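Q:
2 protein chains.
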Amino acid sequence: MPSAEIIAVGTELLTPDKSDTNSLWLTSKLNEIGVEVKLKTVVGDDPLRLEEAISDAYKRSDLVITTGGLGPTEDDITRACGAAAIGKELVFHEELLEELKHKFKAFGYEMPERNRQQAYLIEGAKVLPNPNGSAVGMMHYTGGKALVLLPGPPREMKPMFSDHVLPTMAEDFDGVVVLRQSLRVTGLGESKLDEIISPIYTAFKNPVTSTLFSRTDIEVQLTATAATKEEAESLNNELAKKIAGKLGDSVFSMNGEPMEVVVGRMLLEKGKSLAVAESCTGGLVSKRLTDVPGSSGFLLEGCVTYSNNAKMARLGVPSMTLDSHGAVSAETAEAMAVGMRETAGSDVAVSITGIAGPGGGTEGKPVGTVFVGYADTESVFSKRLHLPGDRNLVRWRSSQAALDCVRRQLL
Amino acid sequence: MPSAEIIAVGTELLTPDKSDTNSLWLTSKLNEIGVEVKLKTVVGDDPLRLEEAISDAYKRSDLVITTGGLGPTEDDITRACGAAAIGKELVFHEELLEELKHKFKAFGYEMPERNRQQAYLIEGAKVLPNPNGSAVGMMHYTGGKALVLLPGPPREMKPMFSDHVLPTMAEDFDGVVVLRQSLRVTGLGESKLDEIISPIYTAFKNPVTSTLFSRTDIEVQLTATAATKEEAESLNNELAKKIAGKLGDSVFSMNGEPMEVVVGRMLLEKGKSLAVAESCTGGLVSKRLTDVPGSSGFLLEGCVTYSNNAKMARLGVPSMTLDSHGAVSAETAEAMAVGMRETAGSDVAVSITGIAGPGGGTEGKPVGTVFVGYADTESVFSKRLHLPGDRNLVRWRSSQAALDCVRRQLL
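Protein sequence lines, in the order shown, are assigned to chains X and U.
All the letters of the first sequence, read from the start, carry residue numbers 1 to 411 under the numbering used here.
All the letters of the second sequence, read from the start, carry residue numbers 1001 to 1411 under the numbering used here.
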């Protein structure tokens, strides 16, 4: 599988507010023709570092793409550094200068003298036309190695790459497809999960498997490489099924969907309506469910009963339950779910009460203690959770646990 | 000015959908203590490239920071590559292993065997404690050169860097101080805003001013450079006051605070309680308010009355109002706010009803039509908004408008 590196050039990309996004688009295009991006660099208008970055990348990888630094100012050093990095000269092209002058004239301007440097190409490089700006790009391509210099503005870079680089690359780096599939898992720790599934996935060189730990769940990402999309899909599917077989109900999505989408679809399929009563999560579960377009088809309503009064008045939680067990208890969670279901007239109700922190923890119920309550026509129960993390994370994990509770009951 | 390079580690960061954002935060912190970021790299779980990236960076720059790859799985290779890159060994630390076992035990788990690798440090490195996860970081610091390995998850990385790396660095690298201050503005378009304030800020070379357009508001960012923090602060303050003077009530924060924090504090200060009734935002306003620690001091409760039934049963919205004006109307928004305030017994109530899309729009009320209702002891009113954007953006902007409505009434 051919390898690529992408180098974004520009001091502004090294400030706290700017990201290089060109490389994301380039990565998706390269993946489609079976080229894997192995490293990305962001470097400022710094000749030594830029030359070194290009030269190192060129040694390691089949394809090196730079974006930015092809303009007419003194900061625009990519042409010179690119040439030096691969041991070539810059060559002046009279016809490029004429074209440039022509472009400026078409807009009623005289070409400023400094734009003259845009008429230089790396010795032996092919010019990449730029209908949307003054900077042409270039591609130096010999012995299976390519160095491609593209302009920074996306509306110049993208068509140049699609129209003039991709066709050449697709022909030469022919025919592999790289396809990703994500399994999403909940209710297992990262190392526990890896212990269970590593004996399976380490036996496969293709797809390659990596496990990513996000805020609430673990994603098992499979990346298959094959001659066709169908073949890559079937490679991914085969391993995905083996992994899912070992993990059982803990896998909530075979294709990267978030929990709220999965739960929403299950409710719709089974024709069940849901209502949600939340305390410490403050509306997060409702918010997540209503992120899903069409949520009015399964969500009847939600109550954020933050105070004890609200728990009693809205949901009919008995004051005795609150007095003898506390607002954060299995009894209160169950009473919230039962009351929510009755007052909303839903098939299913789920509730959350807990201590998200930073304050409010006690010895018996430290920060992170959360109860999830559940009620439907047949059963009422609750689960006690002890969730690690800060306020934000405890709340998020609580919401995930509540949604997962509904999911497992619907299975 | 000392130079730094940042290396983000993880194959997932080389996919089309994932960006390294840790480096943006790190850059802002490093700039504050006068360290300039000269190069950034994203590298996969690829030992040869990672070792080379660290070793090259270490040769070129005073400070090298890596994020990610400190977990317990086979993919987690930063420890080993970091050690090799600077020609050191990894050393096992019994006391780290004991701590790890203890952490797992506290959550009721046995430590899986593979977490053992997290008890290794680069020879001569100082341990950086991680109260929020299993992976400790490390800092190897000699002869004015530092290699710092941090975990990838931001909530682990950030406190580790702030508490254990910055203090050391700030002492050693004493150069100029670069300080940012953010004014957050709502209810004005970007070009309108620039028209008003550019005559002011263009007269200042220091601080430098930039306006950033985010999902819901405009941030006016001032960046002062000075010899001391106090001096930089006073430069920023002077310009900030001039700008705020011109913009008036549209500035909701002088220091980058989000709207929900500002509203929460105002409610606490005035001793007023709030209740929230939401339809299309589905709990987002309650969720945002309860993001703020101590929100139980000002938020009594929230209702997500998604269906018409819920609007009637929970909030007493008259069926005639719904029938004659529709669920998305000024009359319904006001009835929701009044009903919410009465049933919750709060001082203030705010409501939202609207069409977030993608479906549900009509000619008279297209997607993006949102009504915000308000009720307190003295007044009841509503505002009609027409918000651009997709479902997510319409919901977010609605929540911002509702919170801003409460803010302006409290002023």
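In this text, a Cβ means the ideal position worked out from N, Cα and C, and glycines have one as well.
A quick note: this is a predicted structure, and the numbers were derived from the prediction, not measured.
(1) Where Ala1227/U and Ser1234/U are concerned, what is the direct C-alpha to C-alpha distance, given to the nearest angstrom?
(2) Counting pairs of Cβ atoms below 8 Å between the region 307 to 324 of chain X and the region 332 to 349 of chain X, do you hit three or more?
(3) With Arg184/X and Gly256/X assumed to form a contact (beta carbons below 8 Å), what rounded beta-carbon distance in angstroms separates them?
(4) DSSP on Leu188/X, reduced to helix/strand/coil?
(5) So, for Val148/X: in the same chain, excluding its five sequence neighbours on each side, which residues have a beta-carbon less than 6 Å away from its beta-carbon?
(6) Should Lys1270/U be flagged as near chain X, meaning a C-beta pair shorter than 9 Å?
(7) By a C-beta neighbour count over all protein chains shown, 10 Å radius and 16 as the cutoff for buried, is Leu1014/U buried or exposed?
(8) Helix, strand or coil: which one does DSSP assign to Leu1050/U?
(9) Among Thr1369/U, Leu1050/U, Thr1041/U and Val1177/U, which residue has its Cα nearest to the Cα of Asp1076/U?
(10) Rounded to whole angstroms, what's the CA-CA distance from Ala1135/U to Ala106/X? Just pull it up for me.
(11) Hey, would you say Val37/X sits closer than 9 Å to Ala8/X, going by beta carbons?
(12) Below 8 Å CB to CB, which residues in the same chain sit around Glu260/X once its five sequence neighbours on both sides are set aside?
(13) Taking any Cβ of chain X, which residues in the region 1342 to 1353 of chain U have a Cβ under 8 Å from it, in chain order?
(14) Determine contact between the region 25 to 39 of chain X and the region 107 to 120 of chain X, defined as no fewer than three beta-carbon pairs at a distance below 8 Å.
(15) Just how far apart, CA to CA, sit Ala1310/U and Leu299/X?
(16) State the start and end residues of the unbroken alpha helix (DSSP H) segment that holds Gly1124/U.
(17) CA-CA distance, Glu1269/U and Glu1099/U?
(18) At which residues does the alpha helix (DSSP H) containing His102/X begin and terminate?
(19) Taking Pro388/X as the reference, which of Gly361/X, Asp376/X, Lys40/X and Thr225/X has the closest Cα?
(20) For Tyr109/X, count neighbouring C-beta atoms within 10 Å of its own C-beta (all shown protein chains included) and say buried if the count is 16 or more, exposed if not.
(21) Hey, how far is the Cα of Thr1281/U from the Cα of Ala1356/U?
(22) Enumerate in chain order the residues of its own chain whose CB-to-CB distance from Ala349/X is below 6 Å, with the five nearest sequence positions on each side excluded.
(23) Rounded C-beta distance between Ser273/X and Ser379/X? I'm assuming under 8 Å.
(24) Kindly indicate the opening and closing residues of the beta strand (DSSP E) around Gly1354/U.
(25) Taking only beta carbons into account, state which residues of the region 303 to 329 of chain X come closer than 8 Å to chain U, listed in chain order.
(26) For the beta strand (DSSP E) containing Leu387/X, name the first residue and the last one.
(27) Nearest to Phe204/X by alpha carbon, out of Tyr306/X, Thr186/X and Thr225/X?
(28) Closer than 8 Å is the cut-off here; do at least three beta carbon pairs connect the region 1067 to 1081 of chain U with the region 186 to 198 of chain X?
(29) Considering only the alpha carbon of each residue, which of Val1220/U, Ala1053/U, Leu1096/U and His1102/U lies closest to Ala1083/U?
(30) Against chain X, does Tyr1120/U count as a neighbour if the rule is that its beta carbon must be under 9 Å from one of theirs?
(31) For Phe92/X, which residues from the same chain have a beta carbon less than 8 Å from its beta carbon, with the 5 sequence-adjacent residues on both sides left out?
(32) Between Pro129/X and Leu1212/U, what straight-line distance do the alpha-carbon atoms span, to the nearest angstrom?
(33) Can you name the residues that DSSP bridges to Arg1408/U?
(34) Flag this pair as yes or no: are the beta carbons of Asp1020/U and Asp56/X separated by less than 9 Å?
A: Let's see:
(1) Cα-Cα distance, rounded: 12 Å.
(2) yes
(3) 6 Å
(4) DSSP, read as helix, strand or coil, puts Leu188/X in coil.
(5) Within the same chain, Ile65, Met139 and Val165 come within 6 Å of Val148/X by CB-CB distance, once the 5 residues on both sides are set aside.
(6) no
(7) buried
(8) In the structure shown, Leu1050/U falls within a helical segment according to DSSP collapsed to helix, strand and coil.
(9) Leu1050/U
(10) 60 Å
(11) With contacts defined by Cβ atoms closer than 9 Å, Val37/X and Ala8/X do not form a contacting pair.
(12) Arg288, Leu289, Asp291, Val292 and Leu403
(13) Residues Thr1343, Ala1344 and Gly1345.
(14) Segments in contact, no.
(15) Between the C-alpha atoms of Ala1310/U and Leu299/X there is a straight-line separation of about 11 Å.
(16) Gly1124/U -> no alpha helix (DSSP H), and no H or E assigned at all.
(17) 43 Å
(18) Glu94 to Ala106
(19) The shortest C-alpha separation from Pro388/X is found at Gly361/X.
(20) exposed
(21) Cα to Cα, the separation comes out at about 8 Å.
(22) Ala275, Ala337, Met340, Arg341 and Ala375
(23) Rounded, the Cβ-Cβ distance is 17 Å, inconsistent with contact.
(24) Val1348 to Gly1354
(25) Within the region 303 to 329 of chain X, the qualifying residues are Cys303, Val304, Thr305, Tyr306, Ser307, Asn309, Ala310, Ala313 and Arg314.
(26) It is not in any beta strand (DSSP E) - Leu387/X carries neither H nor E in the DSSP assignment.
(27) Thr225/X
(28) yes
(29) Ala1053/U
(30) no
(31) Closer than 8 Å at Cβ, skipping near neighbours: Ala119 and Tyr120.
(32) It is roughly 32 Å from the alpha-carbon of Pro129/X to the alpha-carbon of Leu1212/U.
(33) In the DSSP output, where bridge partners are listed per residue, Arg1408/U has none listed.
(34) no
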